[in-house]
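Residue numbers (my numbering), protein chains in the order written: chain A, 794 to 889; chain B, 794 to 889; chain C, 794 to 889; chain D, 794 to 889; chain E, 794 to 889. Built from N, CA and C at the ideal position, the CB exists for glycine as well. Below is one structure; the comments refer to it alone.
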Amino acid sequence: MLLGKVVGTLVSTRKDEKLEGLKFLVVRQINVENQETGGYVVAVDSVQAGVGDVVLYATGSSARQTVLTDKRPCDAVIMAVVDTWEVNGQVKYRKE
Amino acid sequence: MLLGKVVGTLVSTRKDEKLEGLKFLVVRQINVENQETGGYVVAVDSVQAGVGDVVLYATGSSARQTVLTDKRPCDAVIMAVVDTWEVNGQVKYRKE
Amino acid sequence: MLLGKVVGTLVSTRKDEKLEGLKFLVVRQINVENQETGGYVVAVDSVQAGVGDVVLYATGSSARQTVLTDKRPCDAVIMAVVDTWEVNGQVKYRKE
Amino acid sequence: MLLGKVVGTLVSTRKDEKLEGLKFLVVRQINVENQETGGYVVAVDSVQAGVGDVVLYATGSSARQTVLTDKRPCDAVIMAVVDTWEVNGQVKYRKE
Amino acid sequence: MLLGKVVGTLVSTRKDEKLEGLKFLVVRQINVENQETGGYVVAVDSVQAGVGDVVLYATGSSARQTVLTDKRPCDAVIMAVVDTWEVNGQVKYRKE
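This is the structure:
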């Protein structure tokens, strides 16, 4: 899994029928120092994340293992909102 | 999923039999600022996208989860035409 | 899928038994401008492609969806010989 | 599989129900010279690894093949703690 | 599949039970010119390859399609020892 920050939302009305009802979030990738890396992904939200949340997302077939995304053409899912992480004993992020 | 702009079409007559009837589109990758990143993919179209459309595409095994691409040797599918997205409250793209 | 140009062949006699009978081709990746990008892949040929052909190849589990590669330890397959593609109305390649 | 060094832990309380009970570790990627490469992954721990351990991790659908991660939205798993490796006859790492 | 050169071995005693009995090899990636590219992978050996061998390896779920790696948390497998390959009619490598 990679870390990301939810920065926005995406709307699509013309889409594959299997995508009906899914919410798409725009996620900027961040590294373990909590810095943006320049990468991004558009991910389906399975945990009611919101703009500003720091999240974990899974990609590939693992993105279809939530109840919400099962058998859907989805290759990225937000499956956890992050509370905190630390590196070498230092807290790098803590959700307020 | 990643964002892309459909820029062209591709034709192949000699192909695996499981690919019969699929339409291939040439897609340039774009980032969340709606800028081309230099990358591309040739994707199967599942939503009747056209040249000029901004789309979402899925890759890997997730690209085989549409009715159209089920069990086919396809690793990239356009499964949504994008209406709009925003980042930090700013609209970055809106379909005309 | 990505575009590639078949540039050579590879021979292996000591290999997993599930690979018996497959032909391996050396493929240089090309971009939508029909320029080599420096990347490559060794792919199984499912369409009798030859050196010099411009092809589409699929990777990952999708590479096992042809009849030829089903359930084999193959992560890249050539599943189409390209006739032509165009970008923004310009033909970028046409098979002679 | 790639080599990594476990450098920290991550906590999430709001997560997909299928992730309950899994431990997330922050892993910096290392190369065969035992140097950090700048990359990272957040991986599920299946072998009771701890901060400071050098580990092997698997990604993609292979990350769901441990008993612990079966059918869960997990795309990276630590499945081995490394004792030692050598390159061209030179020991590059040995667990103390 | 990609080309690699086996340069070493890796030992792990604490590992997922499904990995028992597998041999891990350290593989440096090479390109079609038979030059190292800086990348590497730790792969399971399914063909009794040895240090110094030039090999083909498969990644992702395809790495689990050998009899040896079936249903194991393995995302890279050596499934062929390379005898020779050529590019544009020139032999780039030949096993001695």
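With its beta carbon less than 8 Å from one in chain C, A869 (chain B) belongs to the interface. Beta-bridge annotation (DSSP): R807 (chain E) is paired with D:V874.
G853 (chain B) carries a helical assignment under DSSP once its states are collapsed to helix, strand and coil.
In chain E, no part has a C-beta under 9 Å from the C-beta of D838 (chain D); the shortest such distance is about 11 Å. Rounded to whole angstroms, the Cβ separation of V835 (chain A) and L795 (chain B) is 7 Å, and the two are in contact under 8 Å. DSSP places L861 (chain C) outside both helix and strand once states are collapsed to three, so it counts as coil.
Counting of Cβ neighbours within 10 angstroms places K798 (chain E) among the buried residues, the total reaching 16 or more. Secondary structure note for D838 (chain C): its beta strand (DSSP E) is the uninterrupted segment E829 to D838.
Put simply, of D:D809, D:Q841 and D:T852 the residue whose alpha carbon is nearest the alpha carbon of Q822 (chain D) is D:T852. Three or more beta-carbon pairs separated by less than 8 Å are not found between the region 802 to 821 of chain D and the region 823 to 843 of chain C, which leaves the two stretches without contact. Excluding its 5 nearest sequence neighbours in each direction, S805 (chain A) has no C-beta neighbour in its own chain below 6 Å.
As the crow flies, the alpha-carbon of G832 (chain A) is around 13 Å from that of G831 (chain B). The residue from B:G845, B:V847 and B:V870 with its alpha-carbon nearest to that of R857 (chain B) is B:V870. At a cut-off of 8 Å between C-beta atoms, V825 (chain B) counts as an interface residue with respect to chain A. Closest option to L849 (chain A), judged by alpha-carbon separation, among D:D868, D:L849 and D:A873: D:D868. Only buried fits D809 (chain A), as 16 or more other CB atoms lie within 10 angstroms of its CB.
According to the DSSP secondary-structure assignment, K798 (chain A) is paired through a beta bridge with A:R821 and A:V847. If you look at Q883 (chain D), you'll find it in the beta strand (DSSP E) that goes Q883 to R887. Below the 7 Å Cβ cutoff, chain D contributes D876 as neighbours of T806 (chain E), in chain order.
When the five nearest sequence neighbours on each side are left out, the beta carbons in the same chain lying within less than 8 Å of the beta carbon of K811 (chain E) are those of K864, R865 and P866, in order along the chain. Checking the DSSP bridge columns, you'll see E879 (chain E) partnered with C:T802 and E:V884. Relative to the Cα of D838 (chain E), the nearest Cα in the group C:G801, C:S854 and C:R807 belongs to C:R807. Linking V840 (chain A) to A873 (chain A) through their CA atoms gives a straight-line distance of about 6 Å. Identification of chain D residues near Y833 (chain E) by a Cβ-Cβ cut-off of 7 Å yields N824 and V825, ordered along the chain. Burial of G801 (chain D) is indicated by the presence of at least 16 other C-beta atoms within 10 angstroms of its C-beta. Distance check between Q883 (chain D) and each of E:E829, E:E813, E:G814 and E:V844 places E:V844 closest, using alpha-carbon atoms only. Interface criterion met: the Cβ of D809 (chain B) is under 8 Å from a Cβ in chain C. Across the structure, K885 (chain E) and D846 (chain B) are spaced so that their CA atoms are roughly 43 Å apart. A distance below 7 Å between beta-carbons, with the five flanking residues on each side excluded, links T859 (chain D) to the following residues of its chain, in chain order: S839, V870 and M872. Spatial neighbours of R887 (chain E) in its own chain (CB-CB distance under 8 Å, excluding positions within 5 residues in sequence) are listed in chain order as D876 and T877. Rounded to the nearest angstrom, the gap between the Cα atoms of V880 (chain A) and E889 (chain C) is 58 Å.
Rounded to the nearest angstrom, the gap between the Cα atoms of E813 (chain C) and T862 (chain C) is 11 Å. Scanning chain B for C-beta atoms nearer than 9 Å to the C-beta of G801 (chain A) yields V825, W878, E879, V880, N881, G882, Q883 and K885, reported in chain order.
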